[in-house]
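Participant:
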Amino acid sequence: MALLRTQGHSAFIEWQLDPSSIDDSVCDAFLAQFPTLNLLPHELYAYDPNVVRTELMRACVARGILSRRQLYERMVEFWTDHFNVTARDVGHLKPIDDRNVIRAHALGNFSDLLHASAQSPAMIAYLDNNTNVAGRPNENYARELLELHTLGVNGGYSQSDVSEVAKCFTGWTYYNRPSDGVLQGTFRFMEARHETGVKTVMGQAIASGGIQDGLDVLDLLASHPNTAKYVGKKLIRWLLDEEPSTGLVNAVATTWTATQGDIKAVVRAILSPENIANAPFKLKRPFHVMVATVRALRANVQSVNSVPAWLGAAGNQPYAWPAPDGYPDDSDHWKDLLLPRWNFPAAVVAGSVAGLSVALSTTMRDPRQLVSRINAELFHGTMDAQTSAILSQFARGGRLTAQRCLDAYGLALASPQFQWF
Amino acid sequence: MSLDPIQAYGCSEYRALSRRSFLKSSAAAALIVTSPSWLPRVAYADSGGSDRDIVVSIYLRGGADGLTLCAPHGDDDYYAHRPQLAIPPPDSSDPNRLTDLDGFFGLPPAMAPLLPVYQAGHLAFVHACGLTSTTRSHFDAQRFMEVGQVGAGASDGWLGRHLATVSPLDGASVLRGVTFDTAMALTMVGAPLSLPVNDPESFGILGTSSTRDDRAGRIGQMYDHDDVLNVVADNTMATIALLETIDFAGYTPAGGASYPPSQFGDALRATAALIRANVGVEAVHVNKNGWDTHASQGVVTGTMAGLMDDLALGLLALHADMEASGHLGRLIVVVLTEFGRVVAENGSLGTDHGHGGAMIVMGGGVVGGQVMRTWPGLATEQLFAQRDLAITLDYRDILAEIVDKRLGNPNVGSVFPNYTATYRGIVV
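Respectively, the protein sequence lines represent chains A and B.
One gets my numbering by counting positions in the first sequence from 1 and adding 5 to each.
One gets my numbering by counting positions in the second sequence from 1 and adding 78 to each.
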């Protein structure tokens with residue numbers, strides 16, 4: 006905020022677009038308690054898959070709370086949904102996908118991201134491409150590649166294209182046996198399982214043969230104008246506006262095409278000062294509400310281990326969405342379950358979320374002083390009049406004990422104002 | 079490890095990214111939900127309440143394979159297309175054979191517990207039915223089917239529109255519809271007095287107990303000022319009070335019914351508790367995920383067998399519970415899925431996205447004991463696009479007849495816009 010005020014909008018965005026330049030040592034130190042985050046694929050198999058999944062989930066929550074690279078983490082969240090792989094379905098493989106696909110390319114180039122995802126054992130296992138073999142194709146990956154990852158469902162492909170793309174990816178699998186040694190859990194192309202012959206995708210002949218068939222399809226899709234439009238629009242929805250204008254969608258697609266899918270350039274175009282000034286409110290997802298609650302309260306974070314269960318009850322546990330389309334980026338989807346949004350802050354201030362504790366000033370005996378302090382600490386002085394008035398009434402509703410002060414903080418975070426970006 | 083909060087939060091980048099920090103004027107008005115244009119044209123049905131059914135909508139997400147749920151053993155092409163995945167016919171000696179229903183269709187072992195319900199005339203299958211859109215996208219197909227209109231964007235669901243166009247079963251009800259999940263199913267979106275409930279046993283305000291009522295009241299006041307969330311907040315408060323009066327944990331099913339120990343079983347058990355509590359809930363939606371069986375489908379043991387086992391035991395328990403407690407006559411259950419799967423198995427012992435499929439209808443008013451269909455055949459030239467079971471019956475024919483005859487709502491044209499339903503005689 007200080008940087009935003011002193012250096013202005015552009016400097017702030019540029020700073021956030023260069024995450025490696027942002028010191029994140031506090032977050033990194035916290036993450037050191039999760040050894041599986043940095044293991045090589047074959048090393049992960051020494052752990053129970055539930056431990057692997059749980060550590061990744063906790064790391065996601067910890068990063069949401071502690072990382073200063075917030076725009077980067079928002080982009081990681083976006084691509085995690087875009088290339089969704091339900092963690093429970095893929096055993097030990099999810100952390101490698103998170104690390105080498107999503108986090109490696111979240112602000113990189115879309116084509117690199119797409120290629121990495123296509124060769125990610127987690128994605129291959131999730132969408133059954135390990136069983137996609139010559140003569141007996143399995144369409145699962147091919148369909149979602151076209152529908153969800155690139156062109157979009159109305160992106161101009163046919164059932165025939167799905168079948169042909171499936172053939173192009175026959176033989177794309179991964180080493181999955183202990184006897185594979187250090188290769189276990191890594192990508193493998195099996196020439197013997199690859200369907201030979203020319204395939205036709207979107208009217209183009211795919212004739213290179215071997216692994217190049219799949220690589221050619223990825224290049225074709227990554228550079229397709231419908232991909233720029235479809236994925237670009239999703240990014241606008243995520244960062245700015247759930248119902249973007251056609252003009253903005255076209256402008257962002259133009260940037261996408263001109264920069265050959267440079268994600269930073271696309272984000273920069275979306276987050277212009279004008280666009281942000283004109284953006285409508287957007288409902289936070291439960292994940293955003295809960296990490297923002299901990300940040301706003303400046304809670305002492307000894308552990309985040311109890312937070313995933315809260316997120317689960319709110320329908321937003323990391324890596325748990327059960328279908329390949331990822332958590333909905335849609336305020337309508339999230340608006341009907343308010344109770345966890347009210348209860349989480351109430352539980353944090355009451356000290357009943359294990360691992361999180363607050364050290365707020367609770368010595369105010371004047372309700373006005375309390376409300377003004379909450380306004381400054383949680384809302385940077387922007388608390389709306391209704392919230393302020395109702396909070397005052399609550400503060401006056403009984404003896405202003407330390408507990409009532411804390412509950413007032415929790416109540417403020419349950420307010421509708423806190424639910425919207 | 080412990081963190082110094084000041085060190086951890088040296089900067090407030092996250093909040094700096096907040097929209098509100100940049101906004102000068104309120105744009106929330108753009109999000110205000112307006113009344114749908116069809117609403118004024120509707121004549122509210124008043125059927126006098128108690129003779130109307132309570133509807134339980136179950137959605138099998140992922141595209142359940144209709145040729146396994148209710149298998150056509152009388153069609154030789156079923157066996158020709160599925161050398162590994164077809165289940166042996168009822169007259170075979172294989173212990174994992176089908177259980178015959180009508181001489182042509184049979185139940186897989188995992189569904190066989192439902193045979194007595196079928197024989198009692200309380201359960202019917204509808205086959206070669208579904209959504210006539212040619213899409214093979216889960217997400218489009220689910221959306222079109224739940225909205226009730228091919229090609230529709232996400233707006234209101236068919237069950238939501240039903241509840242919006244019929245007078246309440248109980249005029250004093252504060253909760254007419256429930257989706258047992260963490261979000262409303264699109265099927266029910268648009269329904270008045272309806273909410274998602276993840277866990278009915280713990281649906282209440284937490285935090286410091288001495289200030290709970292005070293805080294709840296203040297939250298209610300705060301949400302009066304949010305044009306988007308105010309209705310949900312009101313419904314939530316009323317639902318908290320309602321659900322507190324029902325002992326879900328101590329609920330005893332009637333007739334010795336035993337719900338399976340699963341999320342699905344829990345949801346149906348809670349459904350039964352709501353029905354028997356007679357609190358004016360008239361629609362329940364339950365999602366059951368996991369039917370996208372591209373690989374290792376497991377029709378006798380494995381993935382799909384496990385799903386069917388849970389489905390069948392859940393329906394069986396709900397039937398027994400409702401029958402023994404005298405509620406079966408006002409229960410109607412519909413089981414839908416977005417599409418069936420390709421007739422021929424793939425190389426992964428699974429099946430890819432197809433077209434026609436099967437649905438299940440259960441309840442006291444169902445013309446049960448039948449597999450309703452106009453069977454199109456499974457020879458390659460009889461298939462849709464040479465690969466899928468053709469659709470000879472639009473799923474909306476079944477739902478519209480139920481909405482009209484069992485749910486007391488003659489406004490089927492509003493529930494299923496731009497569609498003229500043909501009633502097939504699925505219910506009395």
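From the three backbone atoms N, C-alpha and C, an ideal C-beta is built for every residue, glycine too.
1) Apart from the five residues on each side of it in sequence, which residues of its chain come closer than 7 angstroms, Cβ to Cβ, to T232(A)?
2) Report the rounded CA-to-CA distance for H97(A) versus P323(A), giving the unit in angstroms.
3) Could you list which residues in chain A have their beta carbon closer than 8 angstroms to that of R214(B), in chain order?
4) When you compare the stretch 240-253 of chain A with the stretch 168-183 of chain A, are there three or more beta-carbon pairs, one atom per stretch, that lie closer than 8 angstroms?
5) Using only alpha-carbon positions, find the residue among F222(B), A230(B), G268(B), A383(B) that is nearest to T243(B).
6) On the DSSP bridge assignment, give the partners of V354(A) in chain order.
7) Determine, for V364(B), whether the minimum Cβ-Cβ distance to residues of chain A falls below 7 angstroms.
8) Quick one: what does DSSP say S113(B) is sitting in, helix, strand or coil?
9) Roughly how many whole angstroms lie between the Cα atoms of G415(A) and V353(A)?
10) Would you identify the three-state DSSP class for Y414(A), choosing helix, strand or coil?
11) In the structure shown, what three-state DSSP assignment does L201(B) receive?
12) With H, G and I counted as helix, E and B as strand and the rest as coil, what does DSSP make of M450(B)?
13) Which residues mark the beginning and the end of the beta strand (DSSP E) in which L138(B) is found?
14) Cα-Cα, which of N105(A), R141(A), P372(A), I395(A) is closest to F88(A)?
15) Evaluate D218(A) with the Cβ neighbour count: other Cβ atoms within 10 Å of its Cβ, from every protein chain shown; 16 or more gives buried, anything less gives exposed.
16) Compute the beta-carbon to beta-carbon distance between H216(B) and G141(B), rounded to the nearest angstrom, for a pair I have assumed lies under 8 angstroms.
17) Can you tell me which of the three DSSP states F292(A) falls into?
18) Given this structure, state the Cα-to-Cα distance separating W116(B) from L119(A), to the nearest angstrom.
19) So, is the C-beta of A468(B) closer than 7 angstroms to a C-beta in chain A?
20) State the start and end residues of the unbroken alpha helix (DSSP H) segment that holds W236(B).
21) If the criterion is Cβ atoms closer than 7 angstroms, does the pair A274(A) and V257(A) meet it?
22) Compare the C-beta of I297(B) against all C-beta atoms of chain A and say whether one is closer than 7 angstroms.
23) Which same chain residues, not among the five before or five after L306(A), have their C-beta less than 8 angstroms away from its C-beta?
24) Report all residues from its chain with a CB closer than 8 angstroms to the CB of A123(B); omit the five preceding and five following residues, and keep chain order.
25) So what does DSSP say about K366(B), is it helix, strand or coil?
26) Let's test the definition: count the other Cβ atoms within 10 Å of the Cβ of R119(B) and tell me whether it reaches 16, buried, or not, exposed.
27) Looking at the C-beta of I110(B), does it have a partner C-beta in chain A at a distance below 7 angstroms?
28) Determine, using beta carbons only, whether N424(B) and N135(A) come nearer to each other than 7 angstroms.
29) When the Cα atoms are used, what is the spatial distance from L391(B) to G140(A)?
30) In chain A, which residues lie with their C-beta within 8 angstroms of the C-beta of D218(B)?
31) Looking at the strands, I want to know which residues DSSP matches up with T257(B).
32) When burial is assigned at 16 or more other CB atoms within 10 Å of the CB, is D45(A) buried or exposed?
33) On the CB-based measure, 16 or more other CB atoms within 10 Å of its CB, does V134(B) come out buried or exposed?
34) Return the CA-CA distance between F426(A) and M189(B), expressed in angstroms with no decimal places.
35) Less than 7 angstroms separating the beta-carbons of R175(B) and P166(B)?
36) Against chain A, with Cβ distances strictly below 7 angstroms, would L138(B) count as a contact?
Facilitator: Here's the rundown:
1) Taking the first residue of the first sequence as 1, we reach residue 232(A) at position 227. For T232(A), where only same-chain residues beyond five positions count, the Cβ hits under 7 angstroms are T155, L156, L226.
2) In the first sequence, residue 97(A) corresponds to position 92, counting from 1. In the first sequence, residue 323(A) corresponds to position 318, counting from 1. Rounded to the nearest angstrom, the two C-alpha atoms are 16 angstroms apart.
3) Here the question's residue 214(B) lines up with position 136 in the second sequence. R148, Q164, V167, listed in chain order.
4) no
5) The residue labelled residue 243(B) in the question sits at position 165 within the second sequence. Here the closest residue by C-alpha is G268(B).
6) On the first sequence, residue 354(A) is found 349 positions in, with the first residue counted as 1. V354(A) pairs with nothing; no bridge assigned.
7) Counting from 1 along the second sequence, the entry for residue 364(B) is found at position 286. Not one chain A Cβ lies under 7 angstroms of V364(B).
8) On the second sequence, residue 113(B) is found 35 positions in, with the first residue counted as 1. Unreliable positioning characterises S113(B) in this predicted model, as indicated by a pLDDT of 39, which lies under 50. A coordinate reading is not provided.
9) Within the first sequence, the letter at position 410 stands for residue 415(A). Within the first sequence, the letter at position 348 stands for residue 353(A). The straight-line gap from Cα to Cα measures roughly 8 angstroms.
10) The sequence position of residue 414(A) within the first sequence is 409, counting from 1. If DSSP states are grouped into helix, strand and coil, Y414(A) belongs with the helices.
11) Numbered from 1 along the second sequence, position 123 holds the residue referred to as residue 201(B). DSSP places L201(B) in strand when its eight states are reduced to three.
12) Reading the second sequence from its first residue, position 372 is the one you call residue 450(B). In this structure, M450(B) counts as strand in the three-state DSSP scheme.
13) In the second sequence, residue 138(B) corresponds to position 60, counting from 1. Unbroken beta strand (DSSP E) run through L138(B): 132-138.
14) Taking the first sequence and counting its residues from 1, one reaches residue 88(A) at position 83. It is N105(A).
15) Along the first sequence, one-based indexing puts residue 218(A) at 213. Label assigned to D218(A): buried.
16) As a first step, residue 216(B) is located in the second sequence; it is residue number 138 there, counting from the start. As a first step, residue 141(B) is located in the second sequence; it is residue number 63 there, counting from the start. H216(B) to G141(B), Cβ: 6 angstroms. Contact.
17) Mapped onto the first sequence, residue 292(A) falls at position 287. F292(A): helix per DSSP, three-state reduction.
18) Reading the second sequence from its first residue, position 38 is the one you call residue 116(B). Reading the first sequence from its first residue, position 114 is the one you call residue 119(A). Only weak support is given to the placement of W116(B): the predicted model assigns it a pLDDT of 43, under 50, and the question is left unresolved by the model.
19) The sequence position of residue 468(B) within the second sequence is 390, counting from 1. Chain A contact via Cβ: absent.
20) Position 158 of the second sequence, counted from the start, is the residue given in the question as residue 236(B). Start and end: 236-242.
21) Within the first sequence, numbered from 1, the residue matching residue 274(A) stands at position 269. Within the first sequence, numbered from 1, the residue matching residue 257(A) stands at position 252. Yes, Cβ-Cβ distance for A274(A) and V257(A) is below 7 angstroms.
22) Residue mapping note: residue 297(B) aligns to position 219 of the second sequence, counting from 1. Closer than 7 angstroms to some Cβ of chain A, the Cβ of I297(B) qualifies, so yes.
23) If you number the first sequence from 1, residue 306(A) lands on position 301. The question names Leu, but residue 306(A) is Val in the sequence shown. Hits under 8 angstroms: F35, A67, I70, L71, V299, G360, L361.
24) For the purposes of this step, residue 123(B) is identified with residue 45 of the second sequence, where counting begins at 1. With a pLDDT of 49 at A123(B), under the threshold of 50, the predicted position of this residue should be treated as unreliable, and no value is reported.
25) Counting from one through the second sequence, the residue named residue 366(B) turns up at place 288. If DSSP states are grouped into helix, strand and coil, K366(B) belongs with the strands.
26) Here residue 119(B) corresponds to residue number 41 of the second sequence, with the count starting at 1. Interpretation of R119(B) is limited by its pLDDT of 44, a score under 50 that renders its predicted location unreliable; no figure is taken from the coordinates.
27) Within the second sequence, numbered from 1, the residue matching residue 110(B) stands at position 32. At I110(B) the pLDDT is 34, less than 50, meaning the model places this residue with poor confidence and gives no usable figure here.
28) For the purposes of this step, residue 424(B) is taken as the residue at position 346 of the second sequence. For the purposes of this step, residue 135(A) is taken as the residue at position 130 of the first sequence. Cβ distance not < 7 angstroms, so N424(B) and N135(A) don't count as in contact.
29) Along the second sequence, read from residue 1 onward, the residue named residue 391(B) stands at position 313. Along the first sequence, read from residue 1 onward, the residue named residue 140(A) stands at position 135. C-alpha separation (whole angstroms): 38 angstroms.
30) Within the second sequence, residue 218(B) is the residue found at index 140, counting from 1. Residues of chain A passing the Cβ test: V158.
31) Working through the second sequence from its first residue, we reach residue 257(B) at position 179. Partner(s): P274(B), H363(B).
32) Residue mapping note: residue 45(A) aligns to position 40 of the first sequence, counting from 1. In the sequence as displayed, the identity of residue 45(A) is Leu instead of Asp. Looking at its Cβ environment, which holds fewer than 16 other Cβ atoms inside 10 Å, L45(A) is exposed.
33) One-based indexing of the second sequence puts residue 134(B) at position 56. Classification of V134(B): buried, given that the 10 Å Cβ count is 16 or more.
34) Position 421 of the first sequence, counted from the start, is the residue given in the question as residue 426(A). Position 111 of the second sequence, counted from the start, is the residue given in the question as residue 189(B). Roughly 48 angstroms between the two C-alpha positions.
35) In the second sequence, residue 175(B) corresponds to position 97, counting from 1. In the second sequence, residue 166(B) corresponds to position 88, counting from 1. For R175(B) and P166(B), yes; Cβs fall inside 7 angstroms.
36) Here residue 138(B) is taken as the residue at index 60 of the second sequence, counted from 1. So, not an interface residue.
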